[in-house]
Structure formats: structure tokens, C-alpha cells
Amino acid sequence: MKIVKADLPSELETLEIHTFADEHIGDKFCDMKDIQRRIDYVKNTPNAYCVLNGDLLNNATRGSVSDIFSDTLTPMQQVDRGMELFAPIKDKVLAVTSGNHELRTYKNEGIDLSYIMAREMRIEDKFGSEGVLLYVRFGLLNHRRSAGRKIQYKVYMTHGSGGGRRVGAKANRLEEMANKVDADLYIHSHTHTPLVFPDRFFRTYEASFGGEWVERYFVNVGAALDYGGYGERAEYRPASKQKPVIFLDGHKKGIRVEI
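Those letters in the sequence shown? Residues 286 to 544, per my numbering, in order.
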């Protein structure tokens, strides 16, 4: 499992994590204005960072379900456009994964387009094709026994696969992430449906022979696509384009998510 560590400033009182996934750059129904708006927000907001969780590119290929004749950009142009968009915030990218659309090229030619983008932006150390376990440290704990130490969150993210047509099936795929790794926050994409829910979990600590109850959050990311094309032809329900924004407290363990 790819592990990425992000050691951020202690001056941060709240960390915003913005989710970029299922943008489908190059699809004629892609909402490029909304992508640019969210990138500009991350760029201009000091405590805003982001994750790139796959399917940034549409990457229609011969034999795929996407329509190669309706994409507004060729796959190579999509790579260039993606790097042009995200390069201004590359220092605020916490982690990167691949999506099934980028992996179409890997399956055919052995080339991972997400890795190419990460390498060209010099953030390949934050890249994990299948998923990333991200440790984020920032702020300062206000607990007297831990005063002066940064707070740490564990985030597990993967693009995902499957999910079915119904919201319940998509929620099940999201919840199943907890079967793989213990984390504070789980980020999933692929199913194009914004979802957020918490659960409660007793975390054990072997070193101290103890444990505590913790709140874990599960977040699924929406897509930046207007309705039409393959989605309409396959009779999928129109999905919200809302992108969850995650807020992490820098003084005590606390997670809040807004859609």
C-alpha cells in the first residue's frame, strides 16, 4: 500500500481538503468552468489543499464505452490540459491516484496517464495507482498532555470500481473501504454520486493497552459532468455535480464535511 506523509504548517487552525475526481476533462459534457473555479479557490485560500482521485481525464479509447468521436480533446491534449490546470496548485496536492479512465491506456499500452501527469508536475512521490494511505499532520493539539504537538489524521483514498445504479449500492462500496484499512477519513470516487456519512469505531492502541471511540467519515465524490452522452444512453440517473469539501480541526480531532 502506498503511504504518503504530508507535514503541513502548525499555524493552520483548520485544513480544507477539496476533492478533484471524475472531472472527465475532454468529455464534451465536462463543466470546465466549475473545475477552474474550484482550482482557483484552492490556489487563493491559504488553508485549502486537495487530492486528485482519478478520472481527471476522459481518455476515450477504441474499445471503451466512451465515444472517441465526441471528445473535445485528444488523450494527449487532455494530459496537457490537465497539467496546465493543476500545475498552479501542485504544491497543495496531498495525494494522487489513477482512475479507470486513465488506466484504459495502461491496459492497452502499459502507460499510466495519471502517473505521467504527476511526474511532469514533480509530485510523483504523492502518487499511488491503486490507492493512497495519507498521513496529514498540521496545527497544534490543545490537550495538556500533548501541547505543542501537531495533530495527525489518517486518510485512505482510492478511485474505486463497480457500485451499481442505486444509491444504496454506491454507499455499500464506500463503506467497504473500512474493510481494508483503519483510517479517520475514507475518500472514494467513480460512482459519480456525492455521499457523506460517519460511523463510530473503537480504535485500540497496543502500546498503551488501551483504546478510544473515534468518529470516522466516509466521503464519495461527485462528477463534473452535465447530463448526456454515455450516461444518458445507458439510462443512468443524472447525478449531482456537488463536490464534498472536508474540514479537519487543527486543535482537537474533528472532521466536518460540506456538500
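Idealized CB from N, CA, C, for every residue including glycine.
ask   = Is it true that the region 318 to 330 meets the region 288 to 299, where meeting means three or more beta-carbon pairs spaced less than 8 Å apart?
value = No, they do not touch.
key: Rounded straight-line distance, which links the Cα of D316 to that of T382   = Distance between the alpha carbons of T382 and D316 is about 21 Å.
Length of the line joining the Cα atoms of S493 and D534 = About 25 Å.
query = Using a Cβ-Cβ cut-off of 7 Å (strictly less than) and excluding sequence neighbours within five positions of Y391, which residues of its own chain qualify?
reply = Taken in chain order, the residues that qualify are D397.
ask   = So, is S525 buried or exposed, given that buried needs 16 or more other C-beta atoms within 10 angstroms?
value = With fewer than 16 other Cβ atoms from the protein chains shown falling within 10 Å of its own Cβ, S525 counts as exposed.
query = Does DSSP classify Q527 as helix, strand or coil?
reply = In this structure, Q527 counts as coil in the three-state DSSP scheme.
query = Of all the options H386, V378, D376, which has the alpha carbon lying nearest to the alpha carbon of Q363?
reply = Here the closest residue by C-alpha is H386.
request  = Give a yes or no on whether the C-beta atoms belonging to N464 and H536 are separated by under 7 Å.
outcome  = Going by C-beta atoms, N464 is not nearer than 7 Å to H536.
request  = From the DSSP output, in three-state form, read off D484 for me.
outcome  = In the three-state reduction of the DSSP assignment, D484 falls in the strand class.
Local conformation of D534 per DSSP, three classes = In the structure shown, the three-state DSSP call for D534 is strand.
query = For F423, is the classification buried or exposed, using 16 other Cβ atoms within 10 angstroms of its Cβ as the cut-off for buried?
reply = Residue burial is scored here from C-beta neighbours: F423 has at least 16 other C-beta atoms within 10 angstroms and is therefore classed as buried.
inquiry  = Please state the DSSP three-state secondary structure of R323.
reply    = R323: helix per DSSP, three-state reduction.
Within 7 Å, strictly: CB atoms of V466 and Y490 = Contact: no.
key: Buried or exposed (CB count within 10 angstroms, at least 16 for buried), D484   = Residue burial is scored here from C-beta neighbours: D484 has fewer than 16 other C-beta atoms within 10 angstroms and is therefore classed as exposed.
query = Just checking my contact of N472 with T299 at CB under 8 Å: how many whole Å lie between their CB atoms?
reply = Per the sequence shown, residue 472 should be read as Ile rather than Asn. No, I472 and T299 are not in contact; Cβ-Cβ is about 18 Å, not under 8 Å.
ask   = Taking buried to mean at least 16 other C-beta atoms within 10 Å of its own C-beta, is M286 buried or exposed?
value = By the 10 Å Cβ count, M286 comes out exposed.
query = Shortest alpha-carbon distance to K369 belongs to which of D325, D312, A380?
reply = Reading off the sequence, residue 369 comes out as Glu, not Lys. For the residues D325, D312, A380, the minimum Cα distance to E369 belongs to D325.
ask   = Between which two residues does the beta strand (DSSP E) harbouring N393 extend?
value = Taken as a continuous stretch (DSSP letters only), N393 belongs to no beta strand (DSSP E), being part of the alpha helix (DSSP H) at 388 to 394.
task = Could you say which of I540, G539, D511 lies nearest to D319 if we only look at CA atoms?
result = D319 has its Cα closest to that of D511, out of I540, G539, D511.
ask   = Between which two residues does the beta strand (DSSP E) carrying D467 extend?
value = No beta strand (DSSP E) holds D467; DSSP gives it neither H nor E.
query = Which residue's Cα is closest to the Cα of G507: A468, F486, I544?
reply = The option with the nearest alpha carbon to G507 is I544.
message = Per the DSSP calculation, A456 is bridged to which residue(s)?
response = DSSP, once it has assigned bridges, lists no residue as partnering A456.
ask   = Does DSSP put F354 in a helix, in a strand, or in coil?
value = Here F354 carries a coil assignment [DSSP, helix/strand/coil].
message = Does M462 come out as helix, strand or coil in the three-state DSSP assignment?
response = DSSP places M462 within a helical segment (H, G or I) once states are collapsed to three.
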